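**Student:**
In this note's numbering, the protein residues as written are 24 to 96.
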């Protein structure tokens, strides 16, 4: 391969390496936030005993949301 063809390839490889190196800390921080949030999810599902529509088998409630599970889910 001619020397002139190697220079752009090396520059691209160097650029990609730098971009990947800078992206890793951001990915780690996002993963830490997800892990912290995961611990705040409800761990308790209630069997539907007339609290809601008859098609709902289980439900979970939290701050600002409700989750309903039917037989098909």
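Backbone N, C-alpha and C define an ideal beta-carbon position, used for all residues, glycine too.
All of these numbers come straight from a predicted model, not from anything done at the bench.
1. List the endpoints of the continuous beta strand (DSSP E) containing residue 75.
2. Looking at the strands, I want to know which residues DSSP matches up with residue 95.
3. Tell me, which residues are paired with residue 90 by DSSP?
4. What's the C-alpha gap between residue 77 and residue 68?
**Tutor:** This is what the structure holds:
1. First-last for residue 75: undefined, no H or E at that position.
2. According to DSSP, which records beta bridges pairwise, residue 95 is partnered with nothing at all.
3. 83
4. 16 angstroms
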